[in-house]
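Comments concern the structure below.
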Amino acid sequence: MKRVIVSLMVVVGALGSACTEEEESLPAAGLSGTYDVVLVKDPQRDGSGNPLEGDLLFVTSTDRNELRVLDLKKDGAERGYLRAPNPLEALSIPVLDRPQALARDVNYGGDGNETGGPYVYARSNGSTRISVVAADRSLLRQVRLLETSQLVPSGATPPPPPSAGPVTAFAARGPDASGLSTLYYATQESTGARLWALRLPGPEALLQGGALEGPVRLLEGVLPADVAVSSLLVLPNMQLAVATRGTAASGPGKSYKVDLQTSPATVTELNFGGQQVLQLATHPRLPEVPATESTPAVAGLAEGARIFGILDPSNCGAGQAQCSAGVLAVDSATGEVLKDVTGHPMMPLGLGNGLPMGLSLSTNTSVNATESGAVRMLGIVPLSNGNILLFDALELRLIDVDTFENPADPDAVEDAQAQVSLVTAQGTAETGDITVQVTHGVTRNETYQLTYQGVLPGMSILPRDPAASDFRVPAEPIKGKGQLVQPGDILVLFPEGVGVQLCPTDLVVTTVQPSSDPTQLTLTTNSAIPPACAGHTRFLVRAGGSQPLVLTSGSEGYLQRLGLTGSFSRTGSYFFHPPGYTGASEGVDVSFTVSNPRVTGLSRGDRYVVSTLSRFFPYSIRVDTNIQQLQFFLLPGPVVQAEVGGTDYAYIAYPSADGVLQVNLQLVFPDVANSRGVFPFQ
Numbered sequence: 006m007k008r009v010i011v012s013l014m015v016v017v018g019a020l021g022s023a024c025t026e027e028e029e030s031l032p033a034a035g036l037s038g039t040y041d042v043v044l045v046k047d048p049q050r051d052g053s054g055n056p057l058e059g060d061l062l063f064v065t066s067t068d069r070n071e072l073r074v075l076d077l078k079k080d081g082a083e084r085g086y087l088r089a090p091n092p093l094e095a096l097s098i099p100v101l102d103r104p105q106a107l108a109r110d111v112n113y114g115g116d117g118n119e120t121g122g123p124y125v126y127a128r129s130n131g132s133t134r135i136s137v138v139a140a141d142r143s144l145l146r147q148v149r150l151l152e153t154s155q156l157v158p159s160g161a162t163p164p165p166p167p168s169a170g171p172v173t174a175f176a177a178r179g180p181d182a183s184g185l186s187t188l189y190y191a192t193q194e195s196t197g198a199r200l201w202a203l204r205l206p207g208p209e210a211l212l213q214g215g216a217l218e219g220p221v222r223l224l225e226g227v228l229p230a231d232v233a234v235s236s237l238l239v240l241p242n243m244q245l246a247v248a249t250r251g252t253a254a255s256g257p258g259k260s261y262k263v264d265l266q267t268s269p270a271t272v273t274e275l276n277f278g279g280q281q282v283l284q285l286a287t288h289p290r291l292p293e294v295p296a297t298e299s300t301p302a303v304a305g306l307a308e309g310a311r312i313f314g315i316l317d318p319s320n321c322g323a324g325q326a327q328c329s330a331g332v333l334a335v336d337s338a339t340g341e342v343l344k345d346v347t348g349h350p351m352m353p354l355g356l357g358n359g360l361p362m363g364l365s366l367s368t369n370t371s372v373n374a375t376e377s378g379a380v381r382m383l384g385i386v387p388l389s390n391g392n393i394l395l396f397d398a399l400e401l402r403l404i405d406v407d408t409f410e411n412p413a414d415p416d417a418v419e420d421a422q423a424q425v426s427l428v429t430a431q432g433t434a435e436t437g438d439i440t441v442q443v444t445h446g447v448t449r450n451e452t453y454q455l456t457y458q459g460v461l462p463g464m465s466i467l468p469r470d471p472a473a474s475d476f477r478v479p480a481e482p483i484k485g486k487g488q489l490v491q492p493g494d495i496l497v498l499f500p501e502g503v504g505v506q507l508c509p510t511d512l513v514v515t516t517v518q519p520s521s522d523p524t525q526l527t528l529t530t531n532s533a534i535p536p537a538c539a540g541h542t543r544f545l546v547r548a549g550g551s552q553p554l555v556l557t558s559g560s561e562g563y564l565q566r567l568g569l570t571g572s573f574s575r576t577g578s579y580f581f582h583p584p585g586y587t588g589a590s591e592g593v594d595v596s597f598t599v600s601n602p603r604v605t606g607l608s609r610g611d612r613y614v615v616s617t618l619s620r621f622f623p624y625s626i627r628v629d630t631n632i633q634q635l636q637f638f639l640l641p642g643p644v645v646q647a648e649v650g651g652t653d654y655a656y657i658a659y660p661s662a663d664g665v666l667q668v669n670l671q672l673v674f675p676d677v678a679n680s681r682g683v684f685p686f687q
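So this is what it looks like as structure tokens:
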């Protein structure tokens, strides 16, 4: 009920406000091709750790061969795209042709938080070039266009040949003690993938035409043959994570952690459940929560302790029945799948048929609809179905909104439930005629109906020859369900036309026999057709005899027939791990028995309705595309999280809208069409 009231409040609020209070925004930037975003934090901070000027969000404008920069000012009225020297225009940073992917310098400071560096990098699919862009707001220009095929390699003697293939992935480590950034990139050669490292001096040196800091270095012994690199991730302590894609011959690609402090590099395989990974991500340090008089201490996590991957559902290994779409996490030290809060290996985290389009991880992030304050580690995943999924990256499971709303009262969280009612001509009433078993974490929201003497599927309007004494029905009206009609079933005749009267005399099936047509069955009845109904050319078949109940579900339609003392049961896989989960892969989805039949009390058409409730409400956000300003924000892309002026936001690229959507995580509501708390930058 709480969620219903909240939903109504949001809808009413949306009528009076199309977007946030920041509607008085700076002019649009005219983006065209928003395929990626990266956040560069302002290195200058005040005494409270807040940026002095504002963090910068870089976004591609692919069709214009440029980058644009959103200035995340604390004052929402001033937040907008940086102005060009002509203040009527947004600043444009020309880069390589059709930039589609971005990377930035990443380091980890003494407090375990991410620190940036001087550069943002841009690449294009199928290109051998990489743009190096100075990220400082006083520069903001391309300082070098790298042609990777012209970089001279170093390493072995003789040195390896230069790269000739396109760049498929990249990542960068911020300046080390010598002040040099390191760009890592992968290329696809005719002989397979190769991984490179290039040291870069500061922007001033490159602007003055200075040389790169030494030749590019080939990182040998890292990648197997016959793979392509899909993602690179910079980790603390001179470590790098690499995700690869395989071929039909090599099988699914694998992921690896590479320790660059050793020579040769130490490689550890990351086990993402046998699936290849599209994108890798990690997190900053999560501090320990000290003990208080009433609560024990809560352990923290070192930066980079977990590596998260967006799974690729398109390519499975041998013997796997199906692949999962979602997010999975492994231990950075061991490479094994992590255990969630229940103590069992976590499940891939996703929602319905939506494919993850991006992934961002943040610590101590405030989210609306909670009474417990900030989420200690939050994952944000935009999905291809338009939803924006939030998950608990510390407990490694989806956020159940029921639990989220009242974490201090675990008894208020209800297990899966079932409700049974009997619908008759006199009305609807609860009944104990059917007993139901469900399993929390397996049972989903579904509605089942058991109709007494219901019409069998595919047998509602069947033709008959008035000159024949028998009847023909489909042998298998629903593929895979077999023969449905049986002795004891009821035939009802009626003439053609609209609003016609049914024959008042029922006929009961006595035999079911094959016919000369293998797709048809021949039925005989217990009595002759009444003279008044002899000319009727249509008939239907109702369930009767020992199985007069027709069982259907809202999602599947016809399931089977049941007797007045019959039962139905099905199992299913766990789709989340509930409290008390013991490690089983499957459980009872629903099982019910008609246990108290009242044969004399049921009339034709009366039906039992069994409604199963999962009591699981994952936290996801939808955008109200009925609002004109938001109508094209349909297909999201990559996401970053940023705290601006003490408020937690998600910034999501939307290729469908040629824009970036700002989502105020403290204002939006789950599972409603949000217009309040979201604001477009285009």
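Number 657 in this note's numbering belongs to position 652 of the sequence shown; there are no gaps in the numbering.
For glycine and all other residues, C-beta sits at the position ideal for the given N, C-alpha and C.
Just so you know, these numbers come straight off a predicted model, no measurement behind them.
Could you check how far apart the C-beta atoms of residue i and residue j are, in whole angstroms? I think they sit under 8 Å.
i, j, result
"V100", "L72", "6 Å"
"G355", "A330", "5 Å"
"T287", "I312", "5 Å"
"L496", "H541", "Actually they do not touch by this definition, with Cβ atoms about 11 Å apart."
"D494", "V460", "Incorrect: roughly 10 Å between the Cβ atoms, too far for contact."
"G391", "V628", "7 Å"
"R142", "I98", "Rounded, the Cβ-Cβ distance is 12 Å, inconsistent with contact."
"A655", "S365", "7 Å"
"G446", "F581", "5 Å"
"T524", "P479", "7 Å"
"P295", "A304", "Actually they are not in contact, since the Cβ atoms of P295 and A304 sit about 11 Å apart, beyond 8 Å."
"D594", "T444", "7 Å"
"S625", "D676", "6 Å"
For residue i versus residue j, is the C-beta spacing smaller than 8 Å?
i, j, result
"A662", "F637", "yes"
"V172", "L200", "no"
"T529", "T515", "yes"
"T436", "V425", "yes"
"Q458", "G549", "yes"
"P167", "S154", "yes"
"L224", "A202", "yes"
"A688", "E194", "Missing from the structure shown is residue 688; the chain here goes from 6 to 687 and no further."
"M362", "P641", "yes"
"V342", "V386", "no"
"G35", "T67", "no"
"R543", "L556", "no"
"R381", "L399", "yes"
"D336", "Q280", "no"
In three-state terms, what does DSSP make of residue i?
i, result
"A473", "coil"
"R689", "This structure does not reach residue 689, given that the chain is present from 6 up to 687, and the question cannot be answered."
"V447", "coil"
"A23", "In this predicted model, A23 has a pLDDT of only 41, less than 50, meaning its place in the structure is not dependable enough to derive any value."
"V232", "coil"
"V406", "helix"
"V677", "coil"
"E308", "coil"
"A379", "strand"
"E274", "strand"
"R69", "helix"
"Q280", "coil"
"T723", "Residue numbering for the chain in the displayed model covers 6 to 687; residue 723 lies beyond these limits and cannot be assessed."
"I135", "strand"
"D336", "strand"
"E435", "strand"
Can you name the residues that DSSP bridges to residue i?
i, result
"V386", "L394"
"P350", "K344"
"D317", "DSSP, once it has assigned bridges, lists no residue as partnering D317."
"K76", "The residue asked about is misnamed: residue 76 is Asp in this sequence, not Lys. Answer is L61, G85."
"I495", "V513, R547"
"D488", "Note that residue 488 is Gln in the sequence shown here, rather than Asp. In DSSP, Q488 forms no bridge with anything."
"Y261", "V247, E274"
"F175", "Y190"
Does the beta carbon of residue i sit closer than 8 Å to a beta carbon anywhere in chain C?
i, result
"I98", "Of the chains in the structure shown, none is chain C; there is only one protein chain."
**Whole runs of the beta strand (DSSP E) within the region 504 to 578, excluding any shorter than 3 residues** = Listed in chain order, they are 512 to 519, 525 to 530, 543 to 547, 554 to 558, 562 to 567, 572 to 578.
**Residue ranges of each beta strand (DSSP E) within the region 181 to 255, 3 or longer** = As far as the region 181 to 255 is concerned, its whole beta strand (DSSP E) runs of at least 3 residues are 186 to 194, 197 to 205, 221 to 223, 233 to 240, 244 to 250.
**Prompt:** At what residue ranges does the region 607 to 657 contain a whole run of the beta strand (DSSP E), taking only runs of 3 or more?
**Reply:** Within the region 607 to 657, the complete beta strand (DSSP E) runs of at least 3 residues are 612 to 618, 625 to 628, 644 to 649.
**Prompt:** In the region 83 to 127, which residue ranges form an unbroken beta strand (DSSP E) of at least 3 residues, counting only runs that do not cross its ends?
**Reply:** 106 to 113, all fully within the region 83 to 127.
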